[in-house]
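Participant: So that we are looking at the same thing, I have put the structure below in structure tokens.
Protein chains: 2
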Amino acid sequence: MPVQVDEEIRERVLDVADRLYYSRGVQSVGMDALRAEAGISLKRLYQLFPSKESLVEEVLQRRRRLWNGLVETAVATGPTPRARLLAVYDMLARWFDEEDFRGCVFINTFGELGAVAPQLADLVREHKAQFQARLGELVAEAGGPASLASQLAILAEGAQTTAAIAGTSDAAVHARAAAATLVDSALAATTAS
Amino acid sequence: MPVQVDEEIRERVLDVADRLYYSRGVQSVGMDALRAEAGISLKRLYQLFPSKESLVEEVLQRRRRLWNGLVETAVATGPTPRARLLAVYDMLARWFDEEDFRGCVFINTFGELGAVAPQLADLVREHKAQFQARLGELVAEAGGPASLASQLAILAEGAQTTAAIAGTSDAAVHARAAAATLVDSALAATTAS
DNA sequence: AGAACGGGAGAACGAACGTTCTCCGATCTG
DNA sequence: CAGATCGGAGAACGTTCGTTCTCCCGTTCT
């Protein structure tokens with residue numbers, strides 16, 4: 000079996016795992032359900048991923064790269080620092096509108112396994128810290144204070160959770176409006192001083 | 000066995016269940032661990048709660064009453080509508096500082112079981128809707144627009160999640176500051192018009 | 001005192017899960 | 001063609017879990 004094919008199958012398994020874990024939760028999806036949906040044998044599944052935990056970790060790593068890509072794509076569209084910051088919330092709005100949106104994978108996984116699987120909890124922590132650091136860069140470009148980045152991160156976090164639970168995408172609009180208010184308020188304060 | 004004693008034991012079981020579920024997640028805590036920690040027999044446990052799911056639901060209902068009490072206590076301390084709104088975030092700060100803080104029970108449970116147990120998901124939805132409605136009342140008292148309540152709810156939500164993942168209580172401070180900015184900005188806009 | 005009852009301790013049961021093993025047919029190599 | 005290798009299908013294993021059942025002892029009521 001050539002390496003090329005192995006990689007394709009790996010990706011398909013990761014696709015399936017991501018979809019099932021996201022829609023039903025990690026603990027509700029057994030390795031056998033995964034095997035059935037991916038159309039491979041258990042033997043092959045375990046030779047591609049040594050354990051369920053490693054599979055979950057790779058799924059999260061993939062989601063992390065996806066999220067970073069979405070953020071950078073959104074940010075790249077903004078002509079000004081302010082627009083780049085707000086573009087993040089436009090990206091959230093588009094994401095929330097996807098029909099299979101069920102909240103942030105990282106938050107869900109943290110709630111489900113954070114207390115039991117420390118390395119997954121660390122991964123979630125790293126991801127959130129990285130996002131907040133990116134917001135910090137954008138805020139710095141805009142000339143705002145570091146506390147603004149924390150506030151904007153809280154808004155993004157809250158929007159995801161609220162959208163997931165309420166089942167509507169209104170949260171993104173409200174978060175975007177709040178973000179605009181906070182950014183303008185902070186920038187007015189710094190330029191005035 | 001008198002009813003009085005039954006009630007006491009029920010409360011003790013609910014205390015234990017709340018603590019264990021909150022610290023380790025619902026699915027990681029078996030009925031036998033609960034029985035051991037509560038010091039009762041399995042027979043009695045099942046005669047007090049017909050199933051694990053009903054026990055989880057009662058734990059969440061209790062948490063909901065606790066949360067509502069905390070909110071009302073905090074709100075009652077504020078002399079002005081603005082202070083009453085911001086008092087909610089002070090309450091959050093005190094809560095985050097508790098050493099066993101592990102985020103919002105409702106969010107955690109939603110992430111863990113929301114996709115599998117619809118009635119628990121509904122309970123979480125109701126709880127969050129009720130909180131947002133309460134914020135709406137307070138915002139109305141302050142003379143602010145309905146959208147402000149949504150923004151403040153997102154901030155509170157985000158603060159809880161961020162505090163849980165980051166492991167610090169800074170989020171409450173940032174959320175409070177952001178809330179103050181949003182409230183002042185909204186009230187300035189309405190009084191000016 | 002003797003019988004009926006109730007609760008405690010924990011075994012038992014059926015299901016589900018993660019993981020490994022067995023069997024077997026297909027494919028490649030000499 | 002003979003033999004070795006690989007992977008597919010799924011049985012098997014050991015564990016855990018939710019739930020129920022059994023056995024036994026102490027209490028209570030007549």
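Chains as they are written, first to last, in numbering that gives the first Met the number 0: chain X, 0 to 192; chain B, 0 to 192. We put the beta carbon where it would ideally sit given N, CA and C, even for glycine. Keep in mind it's a predicted model, so treat the numbers as computed, not measured.
(1) With a threshold of 16 other CB atoms inside 10 Å of the CB of R62 (chain X), please say whether the residue is buried or exposed.
(2) Between E140 (chain B) and the ligand SAM, is there a pair consisting of the residue's CB and a ligand heavy atom that are separated by less than 7 Å?
(3) Can you name, in chain order, every residue of its own chain whose Cβ lies under 7 Å from the Cβ of S168 (chain X), other than the five neighbours on each side?
(4) Please confirm if A177 (chain B) has its CB atom under 8 Å from at least one CB of chain X.
(5) Can you tell me where the alpha helix (DSSP H) with I153 (chain X) in it begins and where it stops?
(6) For the stretch 46 to 79 of chain B, list every residue whose C-beta sits within 7 Å of some C-beta in chain X, in sequence order.
(7) Threshold first: 4 residues or longer. Then list the alpha helix (DSSP H) segments lying entirely within the stretch 76 to 133 of chain X, N to C.
(8) Run through DSSP, which three-state label would V55 (chain B) get?
(9) Got a sec, what are the start and stop residues for the alpha helix (DSSP H) Q46 (chain X) sits in?
(10) Does any residue of chain B bring its CB to less than 8 Å from the CB of A165 (chain X)?
(11) With 8 Å as the limit, tell me which residues of the stretch 81 to 95 of chain X have their beta carbon closer than that to any beta carbon of chain B; keep them in chain order.
(12) Which residues of chain X have a Cβ atom closer than 7 Å to the Cβ of E156 (chain B), listed in chain order?
(13) At the level of alpha carbons, what is the spacing between A170 (chain B) and S40 (chain B)?
(14) With a 10 Å radius around its C-beta and 16 neighbouring C-beta atoms as the bar for buried, classify D31 (chain B) as buried or exposed.
(15) Within 8 Å (strictly less), CB to CB, does T180 (chain X) reach chain B?
(16) Answer with yes or no whether the minimum CB distance from G110 (chain X) to chain B is below 8 Å.
(17) To the nearest angstrom, how far is the alpha carbon of S27 (chain B) from that of G143 (chain X)?
(18) Buried or exposed: which applies to A86 (chain B), given that a residue is buried once 16 or more other Cβ atoms fall within 10 Å of its Cβ?
(19) Quick check: Q159 (chain X) and A177 (chain B), are their CB atoms within less than 8 Å of each other?
(20) Which residue wins for smallest C-alpha separation from G68 (chain B), given the options B:M90, B:P49, B:E56?
(21) Where does Q26 (chain B) sit, in a helix, a strand or coil, going by DSSP?
Facilitator: Quick answer:
(1) buried
(2) Because no ligand of any kind appears in the structure shown, any question about the ligand SAM cannot be addressed here.
(3) Residues of the same chain with a CB within less than 7 Å of the CB of S168 (chain X), apart from the 5 flanking positions on each side, are A92, F95, D96, A162 in chain order.
(4) yes
(5) 145 to 165
(6) none
(7) 80 to 95, 104 to 112
(8) If DSSP states are grouped into helix, strand and coil, V55 (chain B) belongs with the helices.
(9) 41 to 47
(10) yes
(11) none
(12) G157, T160, T161
(13) 42 Å
(14) exposed
(15) yes
(16) yes
(17) 44 Å
(18) A86 (chain B) is buried by the Cβ-count criterion.
(19) no
(20) B:M90
(21) Coil.
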